[in-house]
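*Asks:* Counting along the sequence shown from 1, when you hit position 50 you're at 50 in full-length UniProt numbering, and nothing is skipped either side.
All C-beta atoms, glycine included, are put in the ideal place defined by N, C-alpha and C.
Here it is, the structure, as structure tokens.
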Amino acid sequence: MEEDSQQNREEERHDNDDERPPNQVQDHHRRVVIRAGPSGNQKRGKTWSEIFPGFIDRILVSYGTSIRSIQILYRTIDGELILMPKHGGEGTKFTSIQFKIGECLTKISGYLSYWQRNIKSIKFETESAIYGPYGKEEGTPFLFEIKDGVINGFHGRSDKTRLRSIGILIDTNIPKPDSPTKNTSCFGFIDNNHQQP
1 MEEDSQQNRE
11 EERHDNDDER
21 PPNQVQDHHR
31 RVVIRAGPSG
41 NQKRGKTWSE
51 IFPGFIDRIL
61 VSYGTSIRSI
71 QILYRTIDGE
81 LILMPKHGGE
91 GTKFTSIQFK
101 IGECLTKISG
111 YLSYWQRNIK
121 SIKFETESAI
131 YGPYGKEEGT
141 PFLFEIKDGV
151 INGFHGRSDK
161 TRLRSIGILI
171 DTNIPKPDSP
181 TKNTSCFGFI
191 DNNHQQP
């Protein structure tokens, strides 16, 4: 227990240096990225962030009664597939969500545990399909939803045992797959303050 507590304190000191407030807009060399979230445990684990000039091809989820890990396979505009590192640990169940060409991720929702604020369940939605929920739907609900845009990446916190938190990234310079030209204002409303009725 002392070793775990000491490790958690060291992670907190290390991670607090690169934290950003939610819903922050970053502009690097005219590349505007909208950052929403993350939702979940804001103290445990290490921060991570990934976004690519393209689209999400596949999402790999490991889970049990809570979400253990997430791993993303991206497809660039040129068609190259890039598999990113796994964020989290191993669960008793595993699923691979394969998106069709032209299918865009527009909504992520789920539940956080009451006590530690870890991710208990997660669900992914596109304009044409719903994937999930994975995990156990109990606790405090969370929601990220974008209108008329594309979720191009994720950020959050994780450690060797589980995915601790998750948020979304939207690159406004990336058009939808069916868009003939780049639309630098291809984004809309983001709701990460969802409350259960």
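Give me the Cα-Cα distance between S49 and D171, rounded to the nearest whole angstrom.
*Replies:* 13 Å
*Asks:* Keeping to the same chain, check which residues put their C-beta closer than 8 Å to that of P197; ignore five residues upstream and five downstream.
*Replies:* Any reading at P197 must be qualified, since the residue scores a pLDDT of 31, below 50, and its modelled position is unreliable; the value itself is stated next. Excluding sequence neighbours, P197 sits near nothing in its chain.
*Asks:* For F55, which option in K120, E90 and V150 has the closest C-alpha, if you only look at C-alpha atoms?
*Replies:* V150
*Asks:* Please return the same chain residues whose Cβ sits closer than 8 Å to the Cβ of G135, not counting the five positions on each side in sequence.
*Replies:* Y63, G64, T65, S66, I67, G110, Y111, I119, K120, S121 and I122
*Asks:* Can you check DSSP and say which residues form a bridge with T76?
*Replies:* G54
*Asks:* Near S158, what residues of its chain come up, given a Cβ to Cβ distance below 6 Å and the 5 sequence neighbours on each side ignored?
*Replies:* G45, H87, G88 and R164
*Asks:* Nearest CA to the CA of G139: which residue from S128, S113, G37 and I70?
*Replies:* The shortest C-alpha separation from G139 is found at S113.
*Asks:* Mapping DSSP to helix, strand and coil, what is Q116?
*Replies:* coil
*Asks:* If you draw a straight line from the alpha carbon of C104 to that of T126, how long is it in whole angstroms?
*Replies:* 5 Å
*Asks:* Tell me where the beta strand (DSSP E) around Q42 begins and ends.
*Replies:* Run containing Q42: none; DSSP gives neither H nor E here.
*Asks:* Select from T161, T47, K160 and F154 the residue whose C-alpha is nearest the C-alpha of V33.
*Replies:* F154
*Asks:* Compute the distance between the beta-carbons of E145 and K107, then report whether it is under 7 Å.
*Replies:* For E145 and K107, yes; Cβs fall inside 7 Å.
*Asks:* Does the separation of the CB atoms of V61 and I70 fall below 7 Å?
*Replies:* yes
*Asks:* Please state the DSSP three-state secondary structure of E103.
*Replies:* coil
*Asks:* Buried or exposed: S39, going by 16 or more other Cβ atoms within 10 Å of its Cβ?
*Replies:* buried
*Asks:* Under the three-state reduction of DSSP, which class applies to R162: helix, strand or coil?
*Replies:* coil
*Asks:* If you drop the 5 nearest sequence neighbours on each side, which residues of the same chain put their C-beta closer than 8 Å to that of E90?
*Replies:* S62, R68 and S69
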